[in-house]
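Below: one structure, written as structure tokens.
In my numbering, the protein residues as written are 870 to 996.
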């Protein structure tokens, strides 16, 4: 079997993304997984699939379209090549809802706080 090179890895954090994902139709879930594979395996990701959100301090949106339905999955980078999924939603208007951005920023802050406290715990127990 030919194993493709991965340029980055997509992971979930807690069940934020999973709660969104399981509610989608199979066709949408397949398209989301296809998009994740593309993001992992393509060195330069087209903005059509991954775009930085202006004014959202390191937050990105993964863009998925299935037929006429448009979905956005917020994510952020950790350690350069690790993409952490936050929340997802179906986009129904031209503008991204502010509450969804705020939710993603809150998830990222929670992730970073948990990461720091785990790191501090490991450092403390090393000595």
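From the three backbone atoms N, C-alpha and C, an ideal C-beta is built for every residue, glycine too. Quick caveat, the model's predicted, so the values are computed rather than measured.
Of the residues assessed, residue 891 falls on the exposed side of the cut-off, its CB having fewer than 16 other CB atoms within 10 angstroms.
Under the three-state reduction of DSSP output, residue 906 falls in the helix class. By the 16-neighbour rule on beta-carbons within 10 angstroms, residue 913 is exposed. Between residue 889 and residue 957 the beta-carbon gap is near 4 angstroms, inside 8 angstroms, which marks them as a contact. Contiguous beta strand (DSSP E) elements confined to the region 951–983 occur at 951–960, taking only those with 3 or more residues.
In the three-state DSSP reduction, residue 883 falls in the coil class, being neither helix nor strand. DSSP places residue 874 outside any beta strand (DSSP E), giving it a letter other than H or E.
In summary, residue 946 is exposed, with fewer than 16 beta-carbon neighbours lying within 10 Å of its beta-carbon over all protein chains present. In chain order, 945 place their CB closer than 6 angstroms to the CB of residue 927, counting only its own chain and leaving out the 5 sequence neighbours on each side.
Between residue 974 and residue 881, the C-beta gap is not smaller than 8 angstroms, which leaves the two residues out of contact.
Annotated as distal: residue 970 and residue 936, with beta-carbon spacing of 8 angstroms or more. Within its own chain, the residues whose Cβ lies closer than 7 angstroms to the Cβ of residue 921, once the five positions on either side in sequence are excluded, are 929, listed in chain order.
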